[in-house]
Amino acid sequence: MKDIAKLGMYLLIVCSVSGISLAVTNHFTAPRIASEMERRKNEAMSDVLPAASKFVKSKTHEKVFEGFNYAGARVGYVFETLASGYSSDIEILFAIDNEYIVTGVKVLSQSETPGLGSKVSGDEFLKQFKGKSREKIMLKKAGGDIDAVTSATISSKAVTEAVRSRIYEFQKDTK
Amino acid sequence: MNSKKIQNEFVKGLISENPVLGLMLGLCSVLAVSTEVKNAAGMGFAMTFVLVFSNILVSLLRNTIPPKVRLPVFIVVIATFTTIVDLLMNAYVPEIHKNLGIFIPLIVVNCIIIARAEAFAVKNTVFMSVIDALGMGLGYTIVLMIIASLREITGNGTFWGIKLFGDFSPILIMMLPPGAFITIGLLMGIMRRVKK
Chain G
827 MKDIAKLGMY LLIVCSVSGI SLAVTNHFTA PRIASEMERR KNEAMSDVLP
877 AASKFVKSKT HEKVFEGFNY AGARVGYVFE TLASGYSSDI EILFAIDNEY
927 IVTGVKVLSQ SETPGLGSKV SGDEFLKQFK GKSREKIMLK KAGGDIDAVT
977 SATISSKAVT EAVRSRIYEF QKDTK
Chain A
12 MNSKKIQNEF VKGLISENPV LGLMLGLCSV LAVSTEVKNA AGMGFAMTFV
62 LVFSNILVSL LRNTIPPKVR LPVFIVVIAT FTTIVDLLMN AYVPEIHKNL
112 GIFIPLIVVN CIIIARAEAF AVKNTVFMSV IDALGMGLGY TIVLMIIASL
162 REITGNGTFW GIKLFGDFSP ILIMMLPPGA FITIGLLMGI MRRVKK
């Protein structure tokens, strides 16, 4: 019985020390990590919409950012959207210019099958979207212009459809 | 402490007690990250790093931990240390964290870490524990990279992301978990043969 109390005390001390050191570390690193995430997001946005230098959250649409160039003119929109893939939700960031032509697509996070579906986050697949209008953004099988990743039709289709339907919704809203 | 013993503790992790092919530990992470050589290298490096420090910590504490509660203490100590490193890396060296960060949650639950703490570090000096960790880490990394090379070349026709063949239809199953099992099985067979 005495033993249990002693061991319990020991574990309590170990866990308290561990909890305190985690809390202290988190306190000092959290702001840096948050600003790093912010920076990374901005970087990703200028990757998909290179013409813009400043991004402002849209007041009328959710999860949409308006991109402005140095002169202050609006050059396009950046969208955050989700596609449900084969085994996960695929988080996508993409941008269109004022004529609704896609300027770039990026996959922010996904956990599709490693080595197959995960390739939808690769450049080889995503660069196909660049310079295309909504009508062309469909898998070749369905009559569009996008080559699916080999053996990952579901993941490819999910990304393609998510981008296409998001542009469609937006076009409908703004017209 | 003679150099022969040091050498033995280091070399055992490579062949006779190789964590993957000999002790059959950490197979879960091997399945997950061996589709690309690049990922395998990252995982191997991160794993070795964590293993060295967890062995140091456990070895330092080995005389103060009551034997009855040693396992929960190991787990708390290792998980705390790994999380602190993860947070620090994320805050101060984000570029490295971007590449290695995804492996860290996999490492915390990797049984090689707890196995080395229990089987070696708790009974040996800090120095010997570091040697053991380096040998085990290197053994794990080498095997992981061999498996990943075989899978990436046959299943995708690339090595480290570079295309090897012009016209090549990849063997799809090598990219899926069965391909990993087949490769590990064959390597284990070869290893047993060599050891005999």
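Protein chains in written order, with the numbering used here: chain G, 827 to 1001; chain A, 12 to 207.
Built from N, CA and C at the ideal position, the CB exists for glycine as well.
Keep in mind that this is a model prediction, so the values were computed, not measured.
Do the CB positions of residue i and residue j come within less than 8 Å of each other?
{"i": "residue 931 of chain G", "j": "residue 978 of chain G", "result": "no"}
{"i": "residue 924 of chain G", "j": "residue 900 of chain G", "result": "yes"}
{"i": "residue 145 of chain A", "j": "residue 91 of chain A", "result": "no"}
{"i": "residue 88 of chain A", "j": "residue 148 of chain A", "result": "no"}
{"i": "residue 937 of chain G", "j": "residue 917 of chain G", "result": "no"}
{"i": "residue 929 of chain G", "j": "residue 874 of chain G", "result": "yes"}
{"i": "residue 45 of chain A", "j": "residue 51 of chain A", "result": "yes"}
{"i": "residue 137 of chain A", "j": "residue 71 of chain A", "result": "yes"}
{"i": "residue 968 of chain G", "j": "residue 909 of chain G", "result": "no"}
{"i": "residue 29 of chain A", "j": "residue 200 of chain A", "result": "no"}
{"i": "residue 848 of chain G", "j": "residue 95 of chain A", "result": "yes"}
Does any CB atom of chain A fall closer than 8 Å to the CB of residue i?
{"i": "residue 934 of chain G", "result": "no"}
{"i": "residue 917 of chain G", "result": "no"}
{"i": "residue 836 of chain G", "result": "yes"}
{"i": "residue 941 of chain G", "result": "yes"}
{"i": "residue 872 of chain G", "result": "no"}
{"i": "residue 952 of chain G", "result": "no"}
{"i": "residue 862 of chain G", "result": "yes"}
{"i": "residue 839 of chain G", "result": "no"}
{"i": "residue 844 of chain G", "result": "yes"}
Looking at C-alpha atoms only, which residue of the options is the closest neighbour of residue i?
{"i": "residue 970 of chain G", "options": "G:981, G:986, G:847 and G:976", "result": "G:986"}
{"i": "residue 877 of chain G", "options": "G:904, G:980, G:839 and G:989", "result": "G:904"}
{"i": "residue 188 of chain A", "options": "A:166, A:58 and A:126", "result": "A:166"}
{"i": "residue 859 of chain G", "options": "A:49, A:112 and A:129", "result": "A:112"}
{"i": "residue 920 of chain G", "options": "G:842, G:993 and G:861", "result": "G:993"}
{"i": "residue 183 of chain A", "options": "G:837, G:941, G:888 and G:865", "result": "G:941"}
{"i": "residue 855 of chain G", "options": "A:57, A:36, A:102 and A:56", "result": "A:102"}
{"i": "residue 975 of chain G", "options": "A:105, A:155 and A:181", "result": "A:181"}
{"i": "residue 870 of chain G", "options": "G:906, G:914 and G:958", "result": "G:906"}
{"i": "residue 114 of chain A", "options": "A:202, A:49, A:204 and A:190", "result": "A:49"}
{"i": "residue 911 of chain G", "options": "G:962, G:966, G:833 and G:933", "result": "G:933"}
{"i": "residue 1000 of chain G", "options": "G:830, G:843, G:831 and G:886", "result": "G:886"}
Using the Cβ count rule (16 or more neighbours within 10 Å means buried), how would you classify residue i?
{"i": "residue 212 of chain A", "result": "In the structure displayed, chain A extends from 12 to 207; residue 212 of chain A sits before or after that span and is not available."}
{"i": "residue 984 of chain G", "result": "buried"}
{"i": "residue 18 of chain A", "result": "exposed"}
{"i": "residue 97 of chain A", "result": "buried"}
{"i": "residue 173 of chain A", "result": "exposed"}
{"i": "residue 74 of chain A", "result": "exposed"}
{"i": "residue 960 of chain G", "result": "buried"}
{"i": "residue 981 of chain G", "result": "buried"}
{"i": "residue 990 of chain G", "result": "buried"}
{"i": "residue 853 of chain G", "result": "exposed"}
{"i": "residue 861 of chain G", "result": "exposed"}
{"i": "residue 152 of chain A", "result": "buried"}
{"i": "residue 835 of chain G", "result": "exposed"}
{"i": "residue 124 of chain A", "result": "buried"}
{"i": "residue 898 of chain G", "result": "exposed"}
{"i": "residue 158 of chain A", "result": "buried"}
Report yes or no: is there a C-beta of chain G within less than 8 Å of the C-beta of residue i?
{"i": "residue 46 of chain A", "result": "yes"}
{"i": "residue 52 of chain A", "result": "no"}
{"i": "residue 182 of chain A", "result": "no"}
{"i": "residue 146 of chain A", "result": "no"}
{"i": "residue 5 of chain A", "result": "With chain A covering only 12 through 207, there is no way to say anything about residue 5 of chain A."}
{"i": "residue 83 of chain A", "result": "yes"}
{"i": "residue 161 of chain A", "result": "no"}
{"i": "residue 177 of chain A", "result": "no"}
{"i": "residue 30 of chain A", "result": "no"}
{"i": "residue 79 of chain A", "result": "yes"}
{"i": "residue 68 of chain A", "result": "no"}
{"i": "residue 94 of chain A", "result": "yes"}
{"i": "residue 128 of chain A", "result": "no"}
{"i": "residue 149 of chain A", "result": "no"}
{"i": "residue 167 of chain A", "result": "yes"}
{"i": "residue 132 of chain A", "result": "no"}
{"i": "residue 156 of chain A", "result": "no"}
Can you list, in chain order, the residues of its chain whose CB lies under 8 Å from that of residue i, leaving out five sequence neighbours each side?
{"i": "residue 161 of chain A", "result": "185 and 194"}
{"i": "residue 954 of chain G", "result": "971, 972 and 973"}
{"i": "residue 27 of chain A", "result": "33 and 206"}
{"i": "residue 192 of chain A", "result": "42"}
Sorted by chain position, which residues of the same chain lie with C-beta nearer than 7 Å to residue i's C-beta, five sequence neighbours on each side aside?
{"i": "residue 139 of chain A", "result": "20"}
{"i": "residue 883 of chain G", "result": "891"}
Can you name, in chain order, every residue of its own chain whose Cβ lies under 6 Å from the Cβ of residue i, other than the five neighbours on each side?
{"i": "residue 40 of chain A", "result": "117 and 121"}
{"i": "residue 202 of chain A", "result": "32"}
{"i": "residue 851 of chain G", "result": "none"}
{"i": "residue 996 of chain G", "result": "none"}
Inset, instruction - Could you list the residues in the region 965–989 of chain G with a C-beta less than 9 Å from some C-beta on chain C, going in chain order? - result: Any reference to chain C falls outside this structure, whose protein chains are G and A.
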